[in-house]
Each structure stands twice: as structure tokens, then as C-alpha cells.
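Protein chains: 2
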Amino acid sequence: MTANQLYEQIKAKRSCLCVGLDTVLEKLPATLDGEQYPLFIFNREIIDATADCAVCYKPNTAFYECYGAWGWQQLEMTVGYIKEHYPEIMVIADAKRGDIGNTAARYAKAFFDNMPCDAVTLAPYMGRDSIAPFLEYKGKWAVVLGLTSNASAADFELDGDLYKKVIGTAMEWGTPDNMMFVAGATRPEMLAGIREICPDHFLLVPGVGAQGGSVAEVAKHGLNSKCGLLINSSRGIIYASSGSDFAGAAASAAGSLRQQMANIFE
Amino acid sequence: MTANQLYEQIKAKRSCLCVGLDTVLEKLPATLDGEQYPLFIFNREIIDATADCAVCYKPNTAFYECYGAWGWQQLEMTVGYIKEHYPEIMVIADAKRGDIGNTAARYAKAFFDNMPCDAVTLAPYMGRDSIAPFLEYKGKWAVVLGLTSNASAADFELDGDLYKKVIGTAMEWGTPDNMMFVAGATRPEMLAGIREICPDHFLLVPGVGAQGGSVAEVAKHGLNSKCGLLINSSRGIIYASSGSDFAGAAASAAGSLRQQMANIFE
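What follows is the structure, given as C-alpha cells:
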């Protein structure tokens, strides 16, 4: 998937919504009790209910790994379902991987060969070796952590503006067609500074909703001429209702976020 | 497992060897063709052949994830086998995870509840939130990336001595009984500086063997009064022979490394 293809989809849907599939067994409605693959069934319903609003799905691997091979299988089923039924929608494996070169190549294989993900989130601490193998896949993306949405981003990322150094350095390794950066919505004013460093790159913006960030603030500081934003919401959409009407409630919550994005596309 | 228990094992075996289980299908001997779980069978043979020399096994998750749920299952079987047959040997999941708090808690569940690992390697970029959930498990360990063994550690870790800041900050979050640091053998002279920061912590030292580091140099700069080192070798041991004699060759390679460690215990 190219940046232009992503932008065309954003314009067509009038949405830059990424839905985070952080699915946990304890929060599934009782109607899914007894299913062989409940995480997948839940995700499938959420996907079908939100695909008209979403340009991206982002399953976080932690939520599947914690159920072992059975969870990993349902992650594979989820990614496979999206790319079979909605091939135009981007799938980002939110894995935050990062390792030495020959090991990073194995992670790239896991997400790009063994699963048809379009993108993987990556931790930059170990430097270029840990990112480069992902950039060798044509049409695939490395989503590098820049400024994250959590409170303790202050420990290292904000220390001496490390996040700016990371973004400025990493952008030299790829292009706006195969690299984007994570930039949290919980510090929206800093998005403007990030935009100065990388005016052309897409930013994946978590932290809207449950974590407190607002769409309007993100758009104000983060937009570029081709939108350049993927705004993620996870819990606010997938757990909009805890009952059997979860899919309809997710559709409403996703629609409401798209409504908040409307001024982006005026 | 406590630091003292680990040290007692090190003294008893006169070894601080960690064997990295970075197992790939393409390198398995032809005698394993047709096995349902070849990665596990290979690992089991390696483990049985090296358990008298090794105080630690370290499977890297990338090498299992790249085979999807089937790979993950064999990772689980490997960890289960070690803790069933050699419960005194430490198992470190080399996963280099790092995410916001509620997600990090899921990773902790994956490695400490769903699998009986003793420790997980963790990336520090996102700060305390991403490490703290692992420290809540009694007897388990967070192994935080300090200075890694790859060339591009220079990109960020060495910039302004970030690795020293990371180690100095992270050590405040845990104790020498539940936290250790990754400190690569490819820059052994820097181990002395790391020892000044954290004199009492264990260091997990990759990079000996295929990556070029030497046991003598690591010991010279990294030892403390309770050894304080876990020296890892992966490819040099598990691929010591590509034939059906792989287990015997691994035993010899592990024995040879233990021999190099002998002066540590004089």
C-alpha cells in the first residue's frame, strides 16, 4: 500500500480512523461464551460494523500473545479476515518489536510473510539495524515509535527531546511511502514540532478517547496537505457496549469519531 | 528465582552460560524432516545436551513468531520442557517488549502466566509504565535493554550516553533481585562504566561468539562479587554442527565456553 492509496481511501471515507483491536476475553459479551475462537468472532463483528468508517485496523499483539498459540491463531485469523474482505484497509500489527538485524528480519517475516499485515510498529532504541529489514518489503510500512501517549514517555523520550532525534534520524532510513511515526494525542501541542521535522510523513496517533486526547487538537497541530494522520481509538469503540449489541455500539462510536473528523475534510 | 539462587547455580556448575535458542527451520538437520514439531524436538535435544553447562536458556521470540501459531506452540513446549525437567535453570524470553501499562501487563501475562518463563527482555524507550507490570510478579525478572551488541546501538543508545541514563533510571524501579540489564559483549570496555552505575545487578551479555565478543574481556570488565554475568551464546552452540550430531557438537561448544569461564571461578 502506498501513501497515495491510503490518502485516497481517507478522502473517499472522509475519515482517518484507525480502530485498535485490543480484544480481551474478560470484556467479551456473554453471547460469545463457548465459541472456539471468541476473540476472532468478536473482531469479525467489530470489523464488519466499522469498515465503512475505518481506514486502518490495529491489533495489538500483546492482547493475543497472552493467550498463547490459541491467541496467536486468532490474531492470524483476524488479519486474514480483514485483508480478504477489505483489502483496501490498512492493517498495522501493533507489536513494537525491535531487535538486531537477523532477528528483526524474522519479525518482518512474521508480520509480512506469515501474516498479510501492511505495517508493524517498531521500537527505535536499538537503531537502524532493527528497522531496516522491514523497509525491504515493497508496499509495507515501518511505524516507528516517536512520542508515545503514556505518562512515562517523559522518562526518556522527552529527555533532551530524544523523540525528535529519533524521528529526524529514522526518517533518513525510509520514505514517506514506507515509514510513519507514532505521535501520541496526549501531548497534541508537540505534534506541531514533529510536523516541522517530518512534514510529509503519516503519523499514527494513539491516545484519543480513553487516554484523553481530542481529535480537534490532533488535527489542529498534526494535519498536512494529504491528511497525514491516522487517529486511533481502541477501547472507546470496541467496548462501547458490553452487551450483545457491541457491534452496533462500535459502529455508532466509530461514526461519532468520524463526525469529529469532518472539519478535516472541509 | 532470586539472585542468590541464580548465583548458587552458577557456582555449582562453574558456569554463567546462557544458551540462546534462536532456532530456524532451514538450519535443522535433515534427520528432523517430517517431525510435527521440529523446532521443539531440536531444542529438546540441545537442552538435554547442554543442561550441565547452562544456567540459563534464552529463546528469542522472533524465531518462533515467524512460524505463526505453530511456532508459538513450539516456544511454549520448549519453555515448558525446560521448567519441567530443569526447574533450577533460568528461562529468559528474549522478547524485547515495551508498551503502555495496561498492554505491558498483557505481555507479562503472556510470559509469566501463560508460559513459566522466569524473565523477559524489555525495551526501555517508553519508560517506567512499560517495565513496572513485570516487576509485580514475585520471583520473576525484567531484563532491560541497556547497551545492545549491534552496530547501530550507536544511533541512539550511545548518543549522549543514553544507555547510562536508561540503566541509572531503570534500576530505581526494581532491585537486583528482579531486574537485570542487557550489556553487549561487542563493546566490553563499556561494561566497566555500566558496573559503576549498577554494581550489584546481573548483566545479560549477548554478542560472544558469532558477533565477536570474548568471554575474557567480558569477565575482566563485567564481573562483580557474585559473578553478576550471564554470558549468552546462540548460533555458536546450537549450530555447532549442521548434521545429525548437532546435540553432541552443542555440548562440546558449550563445554568449551565453560572452560573459557573457568578463571572466573578460581
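Just so you know, the sequences run in chain order A and B.
Quick note, this note's numbering runs 64 ahead of the 1-based positions in the first sequence.
Quick note, this note's numbering runs 64 ahead of the 1-based positions in the second sequence.
Ideal Cβ positions, reconstructed from N, Cα and C, are used throughout, including at glycine.
| query | result |
| --- | --- |
| Cut-off 7 angstroms between Cβ atoms - residues of its own chain near E140/A, not counting five sequence neighbours on either side | M179 |
| Proximity test, Cβ basis, 8 angstroms: E164/B and chain A | According to the sequence displayed, residue 164/B carries Ile and not Glu. Closer than 8 angstroms: yes. |
| Own chain, CB closer than 6 angstroms to A283/A, minus 5 neighbours either side, in chain order | I328 |
| Own chain partners of G257/B with C-beta closer than 6 angstroms, once the 5 adjacent residues on each side are dropped | none |
| Inter-residue Cα distance where the pair is A247/A and F266/A | 10 angstroms |
| Assigned exposure category for Q275/A - 16 Cβ within 10 Å defines buried | buried |
| Rounded Cβ spacing between K77/A and C117/A (contact assumed at less than 8 angstroms) | 7 angstroms |
| Contact residues within the segment 210-233 of chain A, judged by C-beta distance below 8 angstroms to chain B | T212, S213, N214, A215, S216, A217, A218, D219, F220, E221, D223, G224, L226, K229, V230 and T233 |
| For C291/A, the residue or residues it bridges with in DSSP | N288/A |
| Residue closest to A115/B, alpha-carbon to alpha-carbon, out of F104/B, T212/B and Q73/B | Q73/B |
| Proximal chain A residues relative to T167/B, where beta-carbon distance stays under 8 angstroms | D86, N124, A126 and F127 |
| Chain B contact for Q137/A (CB, 8 angstroms cutoff) | yes |
| Cross-strand partners of W205/B (DSSP beta bridge) | A183/B |
| Boundaries (first-last residue) of the alpha helix (DSSP H) holding F104/B | P102 to T114 |
| CB contact below 8 angstroms: E148/A versus chain B | no |
| Any alpha helix (DSSP H) of 4 or more consecutive residues that is wholly inside the segment 234-280 of chain B | 253-261 |
| Cβ pair count under 8 angstroms reaching 3, the segment 287-302 of chain B against the segment 83-100 of chain B | yes |
| Inter-residue spacing [alpha-carbon to alpha-carbon] between Y150/A and V184/B | 36 angstroms |
| For G312/B, three-class secondary structure by DSSP | helix |
| Under 8 angstroms by beta carbon: chain B residues contacting C130/A | R170, Y171, K173, A174, D177 and N178 |
| Whole-angstrom C-beta distance between L293/B and C80/B, which should lie under 8 angstroms | 5 angstroms |
| Per DSSP, cross-strand counterpart(s) of S216/A | S216/A is not bridged to any residue. |
| Closest Cα partner of A215/B within the set D112/B, A315/B, V155/B and T250/B | T250/B |
| Within chain B, partners of K91/A - CB distance below 8 angstroms | In chain order: nothing, as chain B lies at least about 12 angstroms away. |
| Contact list for P188/B against chain A, beta-carbon separation under 7 angstroms | Y189 and F220 |
| Length of the line joining the Cα atoms of L199/B and W205/B | 7 angstroms |
| Burial state of P263/B, where buried means 16 or more other Cβ atoms lie within 10 Å | exposed |
| Local conformation of P197/A per DSSP, three classes | helix |
| Rounded distance between the beta-carbons of R170/B and D219/A, thought under 8 angstroms | Actually they do not touch by this definition, with Cβ atoms about 21 angstroms apart. |
| Of the listed residues K228/A, A313/A, E99/A and R322/A, nearest to N296/A (C-alpha basis) | R322/A |
| Which listed residue (A217/B, L89/B and G165/B) has its alpha carbon closest to that of N107/B | L89/B |
| R192/B at chain A interface by Cβ criterion, 8 angstroms | yes |
| Within-8 angstroms CB hit, A118/B to chain A | no |
| Residue range of the unbroken beta strand (DSSP E) whose run includes I156/B | M154 to R161 |
| Listed by chain order, chain A residues near E200/B by CB distance under 7 angstroms | Here the premise fails: no neighbours, minimum Cβ distance about 15 angstroms. |
| Proximity test, Cβ basis, 8 angstroms: D219/A and chain D | Absent from the structure: chain D. Protein chains present are A and B. |
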